[in-house]
Each structure stands twice: as C-alpha cells, then as structure tokens.
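*Asks:* In order, the protein sequence lines correspond to chains X and C. In terms of full-length UniProt numbering, the first sequence has 179 at position 179, counting the first letter as 1, and numbering is strictly consecutive. In terms of full-length UniProt numbering, the second sequence has 1 at position 1, counting the first letter as 1, and numbering is strictly consecutive. One structure follows; several queries about it will come next.
2 protein chains.
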Amino acid sequence: MSRSTTRERIEEKADTLFYESGFEATSFAEIAGAVGISRGNFYHHFKSKDDILDAVIDRRMAATQAMLESWGTDVPSKDRIRSFIRILMTNRTKIMAFGCPVGTLTTELTKLGHVAETRATEIFGLFRDWLALQFTALGYQDDAESLALHVLGRSQGIAVLACALKDEAFLRAEVTALEVWLDQLPDKSSMKG
Amino acid sequence: MSRSTTRERIEEKADTLFYESGFEATSFAEIAGAVGISRGNFYHHFKSKDDILDAVIDRRMAATQAMLESWGTDVPSKDRIRSFIRILMTNRTKIMAFGCPVGTLTTELTKLGHVAETRATEIFGLFRDWLALQFTALGYQDDAESLALHVLGRSQGIAVLACALKDEAFLRAEVTALEVWLDQLPDKSSMKG
DNA sequence: GTCTATATAAGGATAGAC
DNA sequence: GTCTATCCTTATATAGAC
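Dropping the structure here:
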C-alpha cells in the first residue's frame, strides 16, 4: 500500500495541464509548480517533455480501458452505448471549458506534426472498437464500424461547439437527440439467419 | 490597381500558418520566412503577435461573409444549406490534414485563455445565424437556431474525426448522411397560418 | 519601408551538490 | 530523490542605420 509516487503525481498534474492549457503551452515550470517540486527534480523522473506526453497518453489509454470495462457486459448493448453518450453530460462542465480531451489533444498533435499523434489517435481507436462491438451485438455486423464512427463523430461535434459557444442548452439538446437516434435504431440481434 | 501589400502578404501567410501549425506554435521567424521579409520589418506592419491574430480573424470573418453571400438568395434554402455541408467535401484534403480552421482556432484560443477567443467564436456566429436564416425560410421559425447548431455540430464532428483518423471514407459517408437528413427534413415554408 | 543588431525573457535540458 | 545553478536555444520585441 504505497501513497502516490512523485512520478505519478507529475503524470497526474501534466495530464490535467495538457488538457486545460494544451501540450505546447504547458511548461515544465508550470507542471513542477503544480506538483510542488523543482524543475531539476523533474528530469530524474522523465527524460524529456515528449517522454511525459507518452506517459500521459498511457494513463489516458488505461483510464479509457477501465471506463469501458466498468460499463460491464451484463447489461443490454444499447445501455452500454448510452453510457458512452452520457459522458458528455457527466463531464459537461470540463467539456464546455476545455473541449474533449481526446479530440483536442489529437488535433493539437496533428498541427505540431508530433510523433505521438498516432498514439493519441489510438484512444479514439479504443472507443471506436468498443462501440463497434456493441453495434455488432445489436445485429449490425456489417455497419458496426460506421455506426461507431457516427456516434463518435456526433460526440466530438457536440464537444467542440458546446465549448466554443459555452452553450449547455445546446449540449443537452444534442445529447438527447443522439439518445433518440439510438432508441430508434432497431435491435436486429434477435433476427437470426 | 495595386498588387498585394506587404501587410496583406503577412496576413495571408500568417492565416495559413496559424491554421496548419496552430497560433502558438507559429513563430514570427516562420511567418517572416514565408513572406520573405526580415523579422524586424514585421513590426513596422504589426505591433504584436496578438495584433496579427486580430487581423487574421478579420480576414476570416470577411472571407466567411463573402462565401455566405456567394451562395446567393435566389436558390432554394435547402440548396444553400447543402452548399454549407459541401464545404467538407470541397476542403476535405485540408480538413483531413489540419481540421476545421474555425473549430481548431477557437479550441486553441480557449485553452490559451486568449482574449481573442470571443472574436474567433464570432465566426461560428456568422455560420449559425446564416444557417438559422435558411431554416427560418424553410418554415422552422421556432427551431431555426437549434437546427443551425445541429448542422454546425455535425460538421465539426466530421472534421475532428476525419482529421484524427485520416479517414476520407468516413468523411464522405457522414457528409452523405447529413445531406440525407436535410433532404428528409420537411419543407414547411408553404404551410401558412 | 526594409534591414541588421540587439535587448530581454522563457523554455527545455544538464551538472553536480546535498 | 530532491535541490540549486547554469547552459543553450528560441521567441517576442525594440533601436536605429540605410
């Protein structure tokens, strides 16, 4: 039973700062200040800024995996998809302030031409594959991936615009619209052969 | 008949670089290099980096206005909305490489806590108001703004995900889906009273 | 209006004492 | 494992010659 290590605390604060201020705009000084250590100590735990970015992406991958698993396998597939859509509501305050952590990071890394872009995009891959699994379970074997990307795309659009316009009413209305779309999608899983 | 001034050429190159590399990651040296002038000359035309950002936003506002006007008033409203949706197809190469210029700039400025965020968001406002006008013309007086934001949101989502995944098939499929949604929206403009 | 030279600050990264 | 001190580079911005 160990309390969190310095390395973990650095990852944690960097994760938050990268999300709220962006990767490039976040300096070592700010991370060090947030953790409460000196800049020099920093390099005992990470060898470069790219190194900590890798660690943050690892963290987010693991957190995403854990979240998807927490939504279980014993509930109806539509309820699991609904859990995904509801993230927008649960995290609405942060989303309206800073956008979606996944979308905004990949966008930034793309513009920077950063090598970690590919790894950041893999977080989208986790959501896509998990959603595709749910749509497959609903009987949409051939369209599972398109449907997964549709839900993912709609969610990203809601996050971008809700953040730009600081419009919670828009966010709520679009989440409801997406849930209605899901409700109306026929469950084909019982139709065999 | 004057050829483009140095100031105009700076705005032009800065506009492109801010889009492709991001505002913060773009240095004066890069802009100066692209224009073919020295860094010192720069400050004869703009007093700061924020000053050029203002000019770039002005440019984009004007370009947006001009584009919306170019779509005319003498064609059916649905065709005008379709013109908006088709931007995603027309600009698909750039969108898949760098995302939507409006969405990515507002997102970045939000994270930077930059004062120009509000002005950048006004570009979304131009699209929203113009789209709302078209939906009003279709007879959706009460829902015009929600419908406008729905189209704007869907478009932003398509841009973010197509860029992250570099997936043109996804972009094409979602543009088609949005056009189908528009086609199926009943024209209520003839029902008076 | 354009240039070179320079001021000033900040950021990433390293060395070495404790 | 943490600190202070320092190096190197880059960035914004200014001064002043041409």
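All C-beta atoms in this analysis are idealised placements derived from N, C-alpha and C, irrespective of residue type, glycine included.
Can you confirm whether MET1 (chain X), when its beta carbon is compared against all beta carbons of chain C, has any partner nearer than 8 Å?
*Replies:* Any reading at MET1 (chain X) must be qualified, since the residue scores a pLDDT of 48, below 50, and its modelled position is unreliable; the value itself is stated next. Judged by the 8 Å Cβ criterion, MET1 (chain X) is not in contact with chain C.
*Asks:* From the beta carbon of ARG86 (chain X), is the nearest beta carbon of chain C less than 8 Å away?
*Replies:* no
*Asks:* Going along chain X in order, which residues have a C-beta closer than 8 Å to the C-beta of THR104 (chain C)?
*Replies:* Within 8 Å Cβ-Cβ: THR107 and LYS111.
*Asks:* Could you tell me which whole alpha helix (DSSP H) segments of length 4 or greater appear in the UniProt domain "HTH tetR-type" (4-64) of chain C?
*Replies:* List check, alpha helix (DSSP H) in window: 6-21, 28-35 and 39-45.
*Asks:* Please identify the residue among C:ARG82, C:TYR43, C:GLY36 and C:ALA55 whose C-alpha is closest to the C-alpha of PHE23 (chain C).
*Replies:* Closest by alpha carbon: C:ALA55.
*Asks:* Quick one: Cα of VAL151 (chain X) to Cα of THR106 (chain C), how far?
*Replies:* Computed Cα separation, rounded: 23 Å.
*Asks:* Check whether chain C comes within 8 Å of LEU149 (chain X), counting only Cβ atoms and requiring the distance to be less than that.
*Replies:* yes
*Asks:* Out of C:TRP130, C:PHE28 and C:LYS188, which one is the CA nearest neighbour of ARG39 (chain C)?
*Replies:* C:PHE28
*Asks:* Could you tell me which chain C residues have their CB closer than 7 Å to the CB of ALA25 (chain X), listed as they occur along the chain?
*Replies:* Ordered by position in chain C, the residues that pass the 7 Å Cβ test against ALA25 (chain X) are GLU24, LYS111 and LEU112.
*Asks:* Can you tell me the Cβ-Cβ gap for VAL175 (chain X) and MET89 (chain X), rounded? I've got them flagged as a contact below 8 Å.
*Replies:* 6 Å
*Asks:* So with Cβ pairs under 8 Å, would you call residue 208 (chain X) a contact of chain C?
*Replies:* This structure does not reach residue 208 (chain X), given that chain X is present from 1 up to 193, and the question cannot be answered.
*Asks:* ASP183 (chain C) lies in the alpha helix (DSSP H); which residues open and close that run?
*Replies:* 168-184
*Asks:* Do ALA116 (chain X) and ILE57 (chain X) have their C-beta atoms within less than 8 Å of each other?
*Replies:* yes
*Asks:* How far does the alpha helix (DSSP H) with ASP187 (chain C) in it extend, from its first residue to its last?
*Replies:* Looking at the DSSP string, ASP187 (chain C) is not in any alpha helix (DSSP H), and its letter there is neither H nor E.
*Asks:* For ALA164 (chain X) and chain C, any beta-carbon pair shorter than 8 Å?
*Replies:* yes
*Asks:* Measure how close the beta-carbons of LEU147 (chain X) and TYR140 (chain X) come, nearest whole angstrom, since I'm counting them as under 8 Å.
*Replies:* 6 Å
*Asks:* Determine which residues of the UniProt domain "HTH tetR-type" (4-64) of chain X have a Cβ less than 7 Å from any Cβ of chain C, and write them out in chain order.
*Replies:* GLU20, SER21, GLY22, GLU24 and ALA25
*Asks:* Taking any Cβ of chain C, which residues in the region 165-190 of chain X have a Cβ under 8 Å from it, in chain order?
*Replies:* LEU165, ASP167, PHE170, ALA173, GLU174 and ALA177
*Asks:* Should GLY113 (chain C) go down as buried or exposed, given a rule of 16 or more other Cβ atoms within 10 Å for buried?
*Replies:* exposed
*Asks:* To which residues of the same chain is SER21 (chain C) closer than 8 Å at the C-beta, ignoring the five residues directly before and after it?
*Replies:* GLU30
*Asks:* Give the DSSP-derived three-state secondary structure of HIS114 (chain X) in the structure shown.
*Replies:* In the three-state reduction of the DSSP assignment, HIS114 (chain X) falls in the coil class.
*Asks:* CB ALA137 (chain C) to CB SER83 (chain C), shorter than 8 Å?
*Replies:* no
*Asks:* So what's SER71 (chain X) in DSSP terms, helix, strand or just coil?
*Replies:* Residue identity check: residue 71 (chain X) is Trp in the sequence provided, not Ser. Coil at TRP71 (chain X), not helix or strand.
*Asks:* Please confirm whether LYS161 (chain C) and GLY153 (chain X) have their CB atoms less than 8 Å apart.
*Replies:* A small fix is needed here, since residue 161 (chain C) is Leu in this sequence, not Lys. Their beta carbons are under 8 Å apart, which means LEU161 (chain C) touches GLY153 (chain X) by this criterion.
*Asks:* Beta-carbon within less than 6 Å of ARG7 (chain C)'s beta-carbon, same chain only, minus the 5 sequence neighbours each way: which residues are those?
*Replies:* HIS45
*Asks:* Can you say whether ARG3 (chain X) is buried or exposed, counting buried as having 16 or more other CB atoms within 10 angstroms of its CB?
*Replies:* By the Cβ neighbour-count rule, ARG3 (chain X) is exposed, with fewer than 16 other Cβ atoms within 10 Å of its own.
*Asks:* Keeping to the same chain, check which residues put their C-beta closer than 7 Å to that of PHE170 (chain X); ignore five residues upstream and five downstream.
*Replies:* Answer for PHE170 (chain X): LEU161 and ALA162, listed in chain order.
*Asks:* Would the beta-carbon of ALA159 (chain C) fall within 8 Å of that of CYS100 (chain C)?
*Replies:* yes
*Asks:* I'd like the span of the alpha helix (DSSP H) that includes GLY153 (chain X), first residue to last.
*Replies:* 144-165
*Asks:* Taking 8 Å as the CB-CB cut-off, is SER155 (chain C) touching chain X?
*Replies:* yes
*Asks:* To the nearest angstrom, how far is the alpha carbon of ALA75 (chain X) from that of GLN134 (chain X)?
*Replies:* As written in the sequence, residue 75 (chain X) is Val, which differs from the Ala given in the question. Using only the alpha carbons, I get a separation of about 11 Å.
*Asks:* In chain order, what residues of the region 125-143 of chain C put their CB closer than 9 Å to some CB of chain X?
*Replies:* GLY125 and ARG128
*Asks:* Expressed to the nearest angstrom, what Euclidean distance is found between the alpha-carbon atoms of ASP79 (chain C) and PRO186 (chain X)?
*Replies:* 31 Å
*Asks:* Alpha carbon to alpha carbon, how far is ALA62 (chain C) from GLU168 (chain C)?
*Replies:* In this model, ALA62 (chain C) and GLU168 (chain C) are separated by some 29 Å (Cα to Cα).
*Asks:* By alpha-carbon positions, which one of X:LYS47, X:SER190 and X:SER155 ends up nearest to LEU178 (chain X)?
*Replies:* When only C-alpha atoms are compared, the closest one is X:SER155.
*Asks:* Rounded to a whole number of angstroms, what is the C-alpha to C-alpha distance between ALA144 (chain C) and ILE10 (chain X)?
*Replies:* Each residue's Cα considered, the two are about 47 Å apart.
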